[in-house]
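Protein chains: 2
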Amino acid sequence: MKFLQTIKVEEFKEILKAIPKIKIKEEIIPLEEAYNRVLFRDIISPIDVPHFRKSRMDGYAVIAEDTFLAEEDNLIEFELIETIPAGEKPYIKISKGQCSYVATGAAIPENADGVVMVEFTEKIEDQILISEAITPGTHIIEIGHDIQKEQIIVKKDRLIDLATLGILASCGIQEVTVYKKLKVGLISTGNELVSDSVKELDIGKIYDVNSIILKKAIENTGASVEFFGILKDDFNELKCVIDDALKYSDIVILSGGTSKGEGDLGPKVLEQYKDKEILVHGVRIKPGKPIIFTKFGDKIIFILPGYPTSALSCFYVFIDNFLRKNSGYPLKETYSKLFEVGERIYSTIGRHEFKTIKIQDVDGVKMIFPIKTGSEAISTMFYADGYIEIDELESIIEKGEKKRVYFF
Amino acid sequence: MKFLQTIKVEEFKEILKAIPKIKIKEEIIPLEEAYNRVLFRDIISPIDVPHFRKSRMDGYAVIAEDTFLAEEDNLIEFELIETIPAGEKPYIKISKGQCSYVATGAAIPENADGVVMVEFTEKIEDQILISEAITPGTHIIEIGHDIQKEQIIVKKDRLIDLATLGILASCGIQEVTVYKKLKVGLISTGNELVSDSVKELDIGKIYDVNSIILKKAIENTGASVEFFGILKDDFNELKCVIDDALKYSDIVILSGGTSKGEGDLGPKVLEQYKDKEILVHGVRIKPGKPIIFTKFGDKIIFILPGYPTSALSCFYVFIDNFLRKNSGYPLKETYSKLFEVGERIYSTIGRHEFKTIKIQDVDGVKMIFPIKTGSEAISTMFYADGYIEIDELESIIEKGEKKRVYFF
C-alpha cells in the first residue's frame, strides 16, 4: 500500500458526491421526539383543520342577508340567542333576525353565514344593533381552510423543523415514521492516547481528544454515534474492533494511524478485507494529508489523521456534508468573505492547504493573520476565526493580497 | 387594563435590551455533557500540553551539534540506541554520536535537542547515516508549546463549542462549571385547546400546537422548558398555575389569551399581582398585536398570542434573542436579502406587519409573493420562505417595489 497515490481535494469531493445515498430503514417515534428527524413517508392529514366553521373575530354570527340594509344611520336589530366562547359547541340554530355572540376562534352556529365585528354593534340587553352590512362568508374561517382531510401535508424526506412540527401537531398526529438515524462507529487509535479518566499522564501519553469532538461533530449531522474505544496500535485488536464496528454501523470513522510512521496499522488492517474497495489512499491536503476512504459492500470507512485540529478540519471539509446528505439533512453552507492578508503566509507546494487564520484589526481594517501554531496544537483551532484555502501550487501569499476566509 | 396603550416594535425592542441579564447560578457537569453550555468561570490548565518534549516528525533524535557538518556528500554516522514509538517512554539518554528513532508524536529522549527527518537518513543495521545538518530545536515540540500549565485557557462566559471541548479535553479536564440552564415555564391557555392524546375533536376544539413548537424554539436558545399544561380560561386555575410557574422558572411564557375577546384572562390575572411592573400592554404588530411583558421582581412573563403562526413569529422577533442573551448564547442573526415584489401586497395601517411571503420564480427572476392565508393558519408558516416587514404607515406595497426578505 503506497501513500504516493494521492489525489486532489476536488477529486476526493467528486468521489464522495458520486456515492449513492446509503439506504436507511424507518422507525416510528412520538411527534415530540421528531424535531430534526427526517420523514420517511408523506404525511396525510386525518382531519380538516379547522374541522368546524369558526370566527376570525369577536362579533355576532348572523345570516348575512339580514344585514344588507344596515348602515351607520340605519341600525338593524337582532335578537341575541346564544353566547359561544372559543372551545364551546353552539347549541342553537340561527333564524332570521337572530344572532349569537362568537369569540375569536369560536364555532359558528348552524345557519349563520357571516360575522359582524363587535365594533359595528351595540348591545342593549338581549338586543344587538348592527350598523354594518356584511356579505356571506365575512369573518368566517371555513372547514379545511388551513388543512384539508386526506391532503398530503408534508412530503417524505422533509427535515422536521418547527413549522413541520406545528402542522403535524395541528392535525393531531402523535407519531411519525422517520428514517432511523445513520449509525456511525467511532474509533480512536494510537498507543499514545489515554482517556480522561487517567489522572496522571505518563511521559509519551496524551489525552484522547478526537473521541469527544468527533462524536459531537458527527451528532450534529443527524447521525448517532457509537464509540468503540481508544485502541492500541495492535493489528489483531484493531481488526477485531473494526469488524465489530462494521457490523453495528453504516459508516466507521477512525482517527489516528494514517501517517507514514511505524505503528500505523489502520491501512494495513483494511488491506486484509477481501471485499474492500479502497478508493482513496490519500488526499493532498494540509493539515491531515492521509485520509482513507474504503467501501466494504455498502459500508464506508474513513480514516482521519490523529491530530485533533487535522481530524476536525478533514471532517469539516469532506465528511460533514457527506454525513448530512446520508442523514437527509440540508447541506452546510460555509459563510465566507474576502479580506486582505496582513502578513506574508507560507504554504507547502504540492498540498492544498487549509490554513487556520485569525482576523485582526489593523488601523480600522480587518486583516488576515496566520495562526502560528500548526495542526499539532489544539489551540490552533481554538484561536482561529476560520481558514483560507491555499492552492497546491502556491507557496507564498504576500501581505496585501485578498483571500477568501471561510468561517467555522 | 387597556390595550390601547400599545407601543411600537422598536420601543419594545429597546425595553427588552435595557433589562439586565438574569443572574443564574452554576453547576458542575461532566465535560461530555458540556457541549453548547456556557462556562461559569475561567478554566486554568492543570497541565502543560504537551507535558513532554515530542517529535513533530518520524525521524532520529540527536544532539543537533553532532549533525553540523552533515551534507549529502558528507554522511555522518550515528549509533541507533533505542526505538521510541508514540506513547512510549524513552529509557536511554542520548550521548554524543548516538541517536534514537522517534515516531511522530513520540517523546524525545534525554539530551537530544533535534530530530532529523527519516528522509535525510539511511539505516544500515544499527548505524544511521545522516545527510542533513539541523539546528537545536528542529522538529521538536517543546513542553507547553500548545498549552501552558496554570494558563487561563478558556475565559468564563464562553459557549462551549467543539474547539472548546477539544482544548478542555486535551488538558484532561473531566468536569466543568457551567451556568445552569435558564428555566422557562411554558403554559398554553384556551378553552378550545386539547392535547394530541384526544382522538376525536369535538366541535369548537382544536389541538394545542404552541406547547410543542414553543418548547423546541425555547430549547434552541439554550434554556430548559417545563410545560405547565393546557389551561382552561379559568381565573383561579390560571392564577394558581402562574404562581407555580413563577416559583419554578426564571421566565414564564404563556400563549393564548391576549386578544380583546371575552375569556382572555392572562392580563386580568397579572393585574392581581402586587409587585407587578407591567411594561408593555401591547405592541403594534401584525400578526400577534398584544404581547404582554411583566416583571415580578426579577421574574418575567410574556404572553404570546394564541395562533401558532402569531406566537412563533412574536417569539422570533422579540423573545428568541432575549432568551439567548440570558442563556449566554450568541444572538441569532437573521439572513436577509432584497427582492422585487411580484404582486400588490396589502397591509393594515397602524400596525407594523411581519408579512409571511414566498419567493417564486417569474421568468427567471426571484420575486416576493404574499402567503394568502393569515396567522390563523399554521400552513401560513409552513409554506412561507420568510417574511417582509411593512411599516405602520404603509398600507400597500406595489408590484415591482424592492423589499428585504428575512428568511426563517
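Read top to bottom, the protein sequences are chains Y and L. Heads up: the first sequence begins at 686 in my numbering, then just goes up one per residue. Heads up: the second sequence begins at 686 in my numbering, then just goes up one per residue. Quick reminder that beta carbons are idealized off the backbone N, C-alpha and C, glycines included. From a predicted model like this one, the values you see are computed outputs, not experimental measurements.
| Item | Value |
| --- | --- |
| Identify the continuous alpha helix (DSSP H) that holds L/Phe1054 and give its terminal residues. | Where L/Phe1054 is concerned, there is no enclosing alpha helix (DSSP H), although the beta strand (DSSP E) it sits in stretches over Val1050 to Pro1055. |
| By the three-class DSSP mapping on this structure, what secondary structure does Y/Glu755 have? | Strictly speaking, residue 755 of chain Y in this sequence is Ala, with Glu absent from that position. In this structure, Y/Ala755 counts as coil in the three-state DSSP scheme. |
| DSSP state of L/Ile704, grouped into three classes? | coil |
| To the nearest angstrom, how far is it from the Cα of Y/Pro1055 to the Cα of Y/Ser1064? | 13 angstroms |
| Tell me the rounded alpha-carbon separation between L/Glu711 and L/Lys865. | 5 angstroms |
| Between the alpha carbons of Y/Phe737 and L/Tyr892, how many angstroms are there, rounded? | 13 angstroms |
| Taking the alpha carbon of Y/Thr1033 as the point to measure from, which residue in Y/Ser1080, Y/Leu950 and Y/Tyr992 has its own alpha carbon closest? | Y/Ser1080 |
| Determine the closest residue to L/Ala1062 out of Y/Thr768, Y/Leu724 and Y/Gln833, with distance taken between C-alpha atoms. | Y/Gln833 |
| On the DSSP letters alone, give me the boundaries of the alpha helix (DSSP H) that Y/Cys784 sits inside. | Here Y/Cys784 belongs to no alpha helix (DSSP H); instead the beta strand (DSSP E) covers Gln783 to Val787. |
| Does the beta carbon of Y/Tyr1014 come closer than 8 angstroms to any beta carbon on chain L? | no |
| Grouping DSSP H, G and I as helix and E and B as strand, with all else coil, what is L/Arg969? | coil |
| Please state whether DSSP places Y/Leu1078 in a helix, a strand or coil. | coil |
| So the candidates are Y/Lys1088, Y/Val800, Y/Thr906 and Y/Asn876; which of them puts its Cα closest to the Cα of Y/Pro1015? | Y/Thr906 |
| Closer than 8 angstroms, CB to CB, is L/Arg1009 near chain Y or not? | no |
| Please report how far the alpha carbon of Y/Gly782 lies from the alpha carbon of L/Ala1069, in whole angstroms. | 41 angstroms |
| Note down the Cα distance separating Y/Ile825 from Y/Ala788, rounded to an integer number of angstroms. | 12 angstroms |
| Which residues does DSSP list as the beta-bridge partners of L/Ala791? | Its beta-bridge partners do not exist; DSSP assigns none. |
| From L/Glu947 to Y/Pro770, what distance separates their C-alpha atoms? | With a pLDDT of only 48 at L/Glu947, under the threshold of 50, the placement of this residue in the model should not be trusted; the figure read from the coordinates follows. Distance between the alpha carbons of L/Glu947 and Y/Pro770 is about 7 angstroms. |
| Can you tell me which of L/Glu1086, L/Val1050 and L/Glu904 puts its alpha carbon nearest to the alpha carbon of L/Phe1000? | L/Glu904 |
| So, at 6 angstroms on beta carbons, what are the nonlocal neighbours of L/Lys1084 in its own chain, with the 5 sequence-adjacent residues on each side left out? | Val1026, Glu1028 and Arg1029 |
| What's the C-alpha gap between L/Ala792 and Y/Leu886? | 13 angstroms |
| Enumerate in chain order the residues of its own chain whose CB-to-CB distance from Y/Asp881 is below 6 angstroms, with the five nearest sequence positions on each side excluded. | Tyr892 |
| Tell me, please, whether the CB atom of Y/Ile704 is closer than 8 angstroms to any CB atom in chain L? | no |
| Chain L partners of Y/Arg741, CB-CB under 7 angstroms? | Glu1061 |
| Can you look up Y/Pro715 in the DSSP assignment and give me helix, strand or coil? | strand |
| Going straight from the alpha carbon of L/Ile644 to that of L/Ile977, what length do you get? | Outside the displayed range of chain L (686 to 1093) lies residue 644 of chain L, so it cannot be described from this structure. |
| Cβ of L/Ile813 within 8 angstroms of Cβ of L/Glu795? | no |
| Compare the C-beta of L/Val1002 with all C-beta atoms of chain Y and state if any pair is closer than 8 angstroms. | no |
| Is Y/Lys1172 close to chain L, meaning its C-beta is less than 8 angstroms from at least one C-beta of that chain? | Outside the shown range of chain Y (686 to 1093) lies residue 1172 of chain Y, about which nothing can therefore be said. |
| Can you say whether Y/Asn876 is buried or exposed, counting buried as having 16 or more other CB atoms within 10 angstroms of its CB? | buried |
| Residues in the same chain with beta-carbon distance under 6 angstroms from Y/Leu760, minus the five sequence neighbours each way, listed in chain order, please. | Leu814 and Ser816 |
| Around the Cβ of L/Arg722, are there at least 16 other Cβ atoms within 10 angstroms (buried) or fewer (exposed)? | buried |
| Apart from the five residues on each side of it in sequence, which residues of its chain come closer than 8 angstroms, Cβ to Cβ, to L/Arg969? | Thr691, Ile692, Lys693, Val694, Gly1035, Arg1036, His1037 and Glu1077 |
| Among Y/Gly1013, Y/Thr752, Y/Asp733 and Y/Glu962, which residue has its Cα nearest to the Cα of Y/Gly655? | A question about residue 655 of chain Y goes unanswered here, because the residues of chain Y that appear run from 686 up to 1093. |
| Going by DSSP in three states, L/Leu760 sits in which element: helix, strand or coil? | coil |
| Using a 10 Å radius around the Cβ and a threshold of 16 neighbouring Cβ atoms, would you call L/Thr768 buried or exposed? | exposed |
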